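What follows is a single structure, written as structure tokens, with notes after it.
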Amino acid sequence: MTAAAVLADGQYRPTEDEEFMNERQLEYFRQKLLNWKEDILRESRETVTHLQSETENHPDLADRASSETDRALELRTRDRQRKLISKIDEALRRIATGTYGQCSDCGIDIPTARLHASPTALRCTACQDRHERHHGEARPTL
Numbered sequence: 046m047t048a049a050a051v052l053a054d055g056q057y058r059p060t061e062d063e064e065f066m067n068e069r070q071l072e073y074f075r076q077k078l079l080n081w082k083e084d085i086l087r088e089s090r091e092t093v094t095h096l097q098s099e100t101e102n103h104p105d106l107a108d109r110a111s112s113e114t115d116r117a118l119e120l121r122t123r124d125r126q127r128k129l130i131s132k133i134d135e136a137l138r139r140i141a142t143g144t145y146g147q148c149s150d151c152g153i154d155i156p157t158a159r160l161h162a163s164p165t166a167l168r169c170t171a172c173q174d175r176h177e178r179h180h181g182e183a184r185p186t187l
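Residue 65 in this note's numbering is what sits at position 20 of the sequence shown, and the numbering runs on without skipping anything.
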């Protein structure tokens, strides 16, 4: 059975007991990233269709304001997801070049549990914490 089939089956999940970033793990994360990207793109298409269909002119000012607020929230969400697609594409490039799973700061292997939770992670937890303290960033929620 191929790694893609195992991923689709839901039976395989990388562990720390395996050789780090073996072929099966790489395929697992590649498929996970591709599936995530496809979900985001599908949601984006649905949003565009919804925004195009909702061209009602609300006579009530409160209804119009509520509709505009909803539209602005959807557009902000899509903008965040557009940025996330860039991170997914970068993670896919790292898989292709053999650098996926290595901390970009210290070079150690990022634990597979962290990659499972955050497949676009660039840094190990220690380096990510240091980066956030230095740059004053909050860890993004996914």
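For each residue, glycine too, the CB sits at the ideal point set by N, CA and C.
What you are looking at is a predicted structure, and each value in this text was computed from that prediction instead of being measured.
Short Cβ contact (8 Å threshold) for residue i with residue j
i      : j      : result
Phe65  : Gly146 : yes
Thr94  : Thr157 : no
Ala166 : Ile153 : no
Arg75  : Leu120 : no
Supposed close pair residue i, residue j - CB separation, criterion 8 Å
i      : j      : result
Pro164 : Leu71  : Contact flag wrong, Cβ pair sits at about 12 Å.
Lys82  : Ile140 : Not a contact, Cβ separation roughly 13 Å.
Cys148 : Arg168 : 5 Å
Ala170 : Arg123 : Before going on, a small fix: residue 170 reads as Thr here, not Ala. Contact doesn't hold; Cβ gap of about 29 Å is too wide.
Arg191 : His161 : Nothing can be reported for residue 191: it is not among the residues displayed for the chain, which extend from 46 to 187.
Gln126 : Ile85  : 5 Å
Opening and closing residue of the alpha helix (DSSP H) in which residue i lies
i      : result
Thr157 : 157-162
Gln173 : 170-180
Bridge partners - residue i, DSSP secondary structure assignment
i      : result
Asp150 : Beta-bridge pairing links Asp150 to no other residue.
Within-8 Å CB hit, residue i to chain B
i      : result
Arg138 : The structure shown contains no chain B; it holds only a single protein chain.
What ranges does the alpha helix (DSSP H) occupy inside the region 72-116, keeping only unbroken runs of at least 4 residues that lie completely in it?
none
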